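Trainee: The sequence shown begins at 1 in the numbering used here and counts up one residue at a time.
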Amino acid sequence: MQKKVIVSWLLMMMFWISACGAPAAEAPGAAAPAAEAAEVLTPQSGGEIVVAYKDDLATLDPAIGYDWTNWPTIKMVFDGLLGYDSGTTLEPRIAAEMPTVSEDGLVYTFKIRPGVKFSNGREVTADDVVYTLTRVLNPATASPGAGFYVGIQGAQAFIDGSAATVEGIQALDAQTVAFTLTAPDATFLNKMALNFAFLVPQEAVEAAGQDFGRQPVGTGPFTLVEWKSGEYLVFERNPAYFQPGRPMLDKVTIRVGVEPSVAVLQLEKGDIHLMGDPPPGAEWARITADPAWAERIEVQPKVNTTYIAINTTLPPFDNVKVRQALNHAIDKERIVQLLNGRATVANQILPALMPGHEDTYEGYAFDPEKAKALLAEAGFADGFATTIQCIAVDPQPKLCESFQQDLANVGIQLTIETLAAPNVIENAGNGLNPLTWSGGLAWTQDYPDPDNFYAPILGCDANVPGGWNWSRYCNEEVHAQSKELLAMTDRAARVEAYKPFFRTLMDAAVWVPVIADQYNVAHSEKLHGQPLLTHPEHGFIYETMWVEP
């Protein structure tokens, strides 16, 4: 029996309430089941933990890192003006309070919390906010998050090189910064809570140059004290952290290069406290049936769609019928079986827990004969050869082998290339892959709004080198419609309007949506979170973890 299982409808209601701007809902898992009430322990400060991952981290630069290994680790070192509570309700962090917003919805004015310092000892000012967001928008940074902020007035002119600064980001005084948008954006505050907007000091960035991701200086709960590539990273408590009582741990060591099957054994022996990767299928079946693991497993749904990205610019995938054929060729139920039931079938881009998901939409049925017919109509009756990249962490290679079998059945010869996660991300972001399996990488919500499943991964603004639009898809008509949706003030009507919007993308077959993933976390029974180890926006949330002595 799992220690904590979060019920889907509860999460769905929480995300809906947050997205619609209603009062804060109780965070998922905040109320312990009655059977566990007597086991509530008092959180304690101090101690240290060891975490194990298979792959090394790529970077701790918040402008660059954008996957579910880097992101929670970046959150250890950096913080932003806004963040989230233990659920998905926005709250001020480095901002002293939530911003004031002009009546036309275009100007957001933030006051900075006094006394917040970077780990180099310098106090944060409004100029740091200006520098941070300008750096993200600077093409030289190659930030995958730049597309989130192009709605700021003057951002596009700065990106194009026709302006030296971003007109819509202004430091009004040392503790006040204002953002002016070109049009209302219902998601702007969520975007300000993303890791891309985590504050960085200009002097530290310039001193480290391209190595800032390995020499990070931020305002977060921990500081990086050592990083030995391929072996480990060591983080220690930041004594100057501005949040009282946080973090609770004194030290976190992240070991890398540890196979998940080995990590399970290390956890059983007490050598580590937390697995960064999910346990392999065979080990999962064993430990979930073992009563000794009852207090060592956390299961939580993700607001996630895991998909095959189809590079729509590379032949033959520039033909929509070929892309539709792929959608009919993939047996998604078998993928769920290979994952020991640790997922559900996805038939559309928006996950079921996201407002705007269309319950009555049926998607592409598994129909190999239909796939063959579409290939013949596209001029590929004899099939073709192509490649797919996936990360070399179990069970992802096995899932790609399943795709290989499915596509062979319709005449497509698929070569599988397995690489470390940073390499897959880099190649896909630069448009090198015909097909990319996002398993173990993406896409899990950045914030609880339907636009998050379009703008950063299918929008024209994200169709840039190093971005996460791995399909290299850009439909200007669809993109213009997305901007209109962002400006809608009637939230219910806006969410309803996303249903035909995403049907258009499904008709274009820009992805093969395959599954909705979930968090499957194996941990020491002495390791606890407040209320959970995982967070719906940040993955692992280290600042609230604590360990029994």
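For glycine and all other residues, C-beta sits at the position ideal for the given N, C-alpha and C.
Note that this is a predicted model, so its numbers are computed, not measured.
How many Å lie between ASP85 and GLY105 at the Cα?
Mentor: In the sequence shown, counting from the first residue as 1, residue 85 sits at position 85. In the sequence shown, counting from the first residue as 1, residue 105 sits at position 105. Going from the Cα of ASP85 to the Cα of GLY105 covers about 24 Å.
Trainee: Mind checking which residues open and close the alpha helix (DSSP H) that includes ARG255?
Mentor: Position 255 of the sequence shown, counted from the start, is the residue given in the question as residue 255. Careful: ARG255 lies outside any alpha helix (DSSP H), inside the beta strand (DSSP E) at 251-255.
Trainee: Given a threshold of 16 other Cβ atoms within 10 Å of its Cβ, counted over all protein chains shown, does GLU496 qualify as buried or as exposed?
Mentor: Locating residue 496 in the sequence shown gives position 496, counting from the first residue. Exposed is the call here.
Trainee: Are there 16 or more other CB atoms within 10 angstroms of the CB of SER438, so buried, or fewer, so exposed?
Mentor: For the purposes of this step, residue 438 is identified with residue 438 of the sequence shown, where counting begins at 1. With 16 or more other Cβ atoms within 10 Å, it is buried.
Trainee: Within 10 angstroms of the Cβ of ASP570, are there 16 or more other Cβ atoms? Answer buried if so, exposed if not.
Mentor: Since the first residue shown for the chain is 1 and the last is 549, residue 570 is missing from the structure and cannot be characterised.
Trainee: Between ALA421 and the rest of its own chain, which residues show a CB-CB distance below 8 Å, the 5 nearest in sequence each way excluded?
Mentor: For the purposes of this step, residue 421 is identified with residue 421 of the sequence shown, where counting begins at 1. Cβ neighbours of ALA421 beyond the five flanking positions: ASP55, ALA58, ASP67, THR69, ILE391, VAL393, GLY440 and LEU441.
Trainee: Using alpha carbons as the reference points, say which of ASN340, ASP490, LEU505 and ARG214 lies closest to LEU350.
Mentor: As a position in the sequence shown, residue 350 is number 350, starting the count at 1. Checking every option, the nearest Cα to that of LEU350 belongs to LEU505.
Trainee: Going by alpha carbons, who is nearest to GLY363 out of GLY154, THR313, PRO184 and GLN324?
Mentor: On the sequence shown, residue 363 is found 363 positions in, with the first residue counted as 1. Of the listed residues, the one whose Cα sits closest to GLY363 is GLN324.
Trainee: Between which residues of its own chain and ARG472 is the CB-CB distance below 7 Å, once the five residues before and five after are set aside?
Mentor: Counted from its first residue, the sequence shown places residue 472 at position 472. For ARG472, where only same-chain residues beyond five positions count, the Cβ hits under 7 Å are ASN311, THR312, THR313, GLY431 and ASN463.
Trainee: Pick helix, strand or coil for LEU326, following the three-state DSSP scheme.
Mentor: Locating residue 326 in the sequence shown gives position 326, counting from the first residue. In this structure, LEU326 counts as helix in the three-state DSSP scheme.
Trainee: Buried or exposed: which applies to GLU295, given that a residue is buried once 16 or more other Cβ atoms fall within 10 Å of its Cβ?
Mentor: Sequence index remark: in the sequence shown, residue 295 carries index 295 (1-based). Buried, by the Cβ-count rule.
Trainee: Once you ignore the five residues that flank VAL547 on each side, which residues in its own chain have a CB closer than 6 Å to its CB?
Mentor: Working through the sequence shown from its first residue, we reach residue 547 at position 547. Closer than 6 Å at the Cβ level, and outside the excluded window around VAL547, lie GLY47, ILE49, LYS526 and LEU527.
Trainee: Give the single residue among GLU226, PRO114 and ASP277 whose Cα lies nearest to the Cα of PHE240.
Mentor: Start at 1 with the first residue of the sequence shown, and residue 240 comes out as number 240. For the record, residue 240 in the displayed sequence is Ala; it is not Phe. Nearest of GLU226, PRO114 and ASP277 to ALA240, Cα basis: PRO114.
Trainee: Within the segment 262-331, note down every full beta strand (DSSP E) run reaching 3 residues or more, in order along the chain.
Mentor: Listed in chain order, the complete beta strand (DSSP E) runs (minimum 3 residues) inside the segment 262-331 are 297-301 and 306-310.
Trainee: Who are ILE112's beta bridge partners in DSSP?
Mentor: Within the sequence shown, numbered from 1, the residue matching residue 112 stands at position 112. ALA95.
Trainee: Distance, Cα to Cα, ASN469 vs PRO291?
Mentor: To locate residue 469, count along the sequence shown from 1; it is residue 469. To locate residue 291, count along the sequence shown from 1; it is residue 291. About 43 Å.
Trainee: Please determine, among ILE388, VAL258, ASP451 and THR89, the residue with the shortest C-alpha to C-alpha distance to LEU419.
Mentor: Looking up residue 419 in the sequence shown gives position 419. Comparing Cα positions, the closest option is ILE388.
Trainee: Could you tell me which of GLY379, LYS302 and GLN413 sits nearest to GLU537, measuring between CA atoms?
Mentor: For the purposes of this step, residue 537 is identified with residue 537 of the sequence shown, where counting begins at 1. Nearest of GLY379, LYS302 and GLN413 to GLU537, Cα basis: LYS302.
Trainee: Identify every run of the alpha helix (DSSP H) within the segment 361-385, keeping only runs that are complete inside it and at least 4 residues long; order them along the chain.
Mentor: Correct list: 368-377.
Trainee: Over what stretch of residues does the alpha helix (DSSP H) that includes ASP551 continue unbroken?
Mentor: Shown here, the chain extends from 1 to 549; a query on residue 551 therefore has no answer.
Trainee: Run through DSSP, which three-state label would TYR149 get?
Mentor: What you label residue 149 is simply residue 149 of the sequence shown in a count that begins at 1. Helix.
Trainee: Return the Cβ separation of PRO448 and GLY147 in integer angstroms, given the expectation that the two are a contact with Cβ distance under 8 Å.
Mentor: As a working mapping, residue 448 is identified with position 448 in the sequence shown. As a working mapping, residue 147 is identified with position 147 in the sequence shown. That pair is no contact at about 19 Å.
Trainee: For LEU60 and THR100, what's the separation of their Cα atoms in angstroms?
Mentor: By one-based count along the sequence shown, residue 60 stands at place 60. By one-based count along the sequence shown, residue 100 stands at place 100. Cα-Cα distance, rounded: 31 Å.
Trainee: Within a Cβ cutoff of 6 Å, which residues of the same chain sit near PHE212, ignoring the five residues on either side of it in sequence?
Mentor: Start at 1 with the first residue of the sequence shown, and residue 212 comes out as number 212. Taken in chain order, the residues that qualify are ASP61 and VAL205.
Trainee: Is the beta carbon of GLY429 less than 8 Å from the beta carbon of PRO465?
Mentor: For the purposes of this step, residue 429 is taken as residue 429 along the sequence shown, with counting starting at 1. For the purposes of this step, residue 465 is taken as residue 465 along the sequence shown, with counting starting at 1. Cβ distance < 8 Å, so GLY429 and PRO465 count as in contact.
Trainee: Buried or exposed, going by whether 16 or more other CB atoms sit within 10 Å of the CB of LYS191?
Mentor: By one-based count along the sequence shown, residue 191 stands at place 191. When all chains shown are included, LYS191 counts as buried.
Trainee: In whole angstroms, give me the CA-to-CA distance for HIS328 and ALA371.
Mentor: Residue numbering aside, residue 328 sits at position 328 when the sequence shown is read from its first letter. Residue numbering aside, residue 371 sits at position 371 when the sequence shown is read from its first letter. Using only the alpha carbons, I get a separation of about 5 Å.
Trainee: Would you report the Cα separation of GLN413 and TYR519, rounded to the nearest angstrom?
Mentor: One-based indexing of the sequence shown puts residue 413 at position 413. One-based indexing of the sequence shown puts residue 519 at position 519. Going by the C-alpha atoms only, they are around 32 Å apart.
Trainee: What runs of the beta strand (DSSP E), each 3 residues or longer, lie entirely inside the segment 148-233?
Mentor: Within the segment 148-233, the complete beta strand (DSSP E) runs of at least 3 residues are 169-173, 176-180 and 222-228.
Trainee: With H, G and I counted as helix, E and B as strand and the rest as coil, what does DSSP make of HIS538?
Mentor: Against the sequence shown, residue 538 aligns to sequence position 538. Coil, per DSSP.
Trainee: Rounding to the nearest angstrom, what Cα-Cα distance links THR395 and LEU407 in this structure?
Mentor: Counted from its first residue, the sequence shown places residue 395 at position 395. Counted from its first residue, the sequence shown places residue 407 at position 407. Note that residue 395 corresponds to Pro in the displayed sequence, not to Thr. For PRO395 and LEU407, the distance between alpha carbons rounds to 19 Å.
Trainee: Spatial neighbours of PHE196 within its chain, please: CB distance less than 7 Å, with the 5 preceding and 5 following residues excluded, ordered by chain position.
Mentor: For this step, residue 196 is matched to residue 196 along the sequence shown. Closer than 7 Å at Cβ, skipping near neighbours: PRO62, ALA63, VAL136, SER143, GLY145 and PHE148.
Trainee: For MET76 and ALA263, what's the separation of their Cα atoms in angstroms?
Mentor: Here residue 76 refers to the residue found at position 76 of the sequence shown. Here residue 263 refers to the residue found at position 263 of the sequence shown. Their Cα atoms are separated by approximately 22 Å.
Trainee: DSSP puts HIS528 in a beta bridge; with which residues?
Mentor: The residue labelled residue 528 in the question sits at position 528 within the sequence shown. DSSP output for HIS528 lists TRP546 as bridge partner(s).
Trainee: Is it buried or exposed, THR415, if we count other Cβ atoms within 10 angstroms and call 16 or more buried?
Mentor: In the sequence shown, residue 415 corresponds to position 415, counting from 1. The residue is exposed, with fewer than 16 neighbouring Cβ atoms inside 10 Å.
Trainee: Taking just the CA atoms, how far does LEU338 sit from GLY281?
Mentor: Against the sequence shown, residue 281 aligns to sequence position 281. Against the sequence shown, residue 338 aligns to sequence position 338. Roughly 8 Å separates the two Cα atoms.
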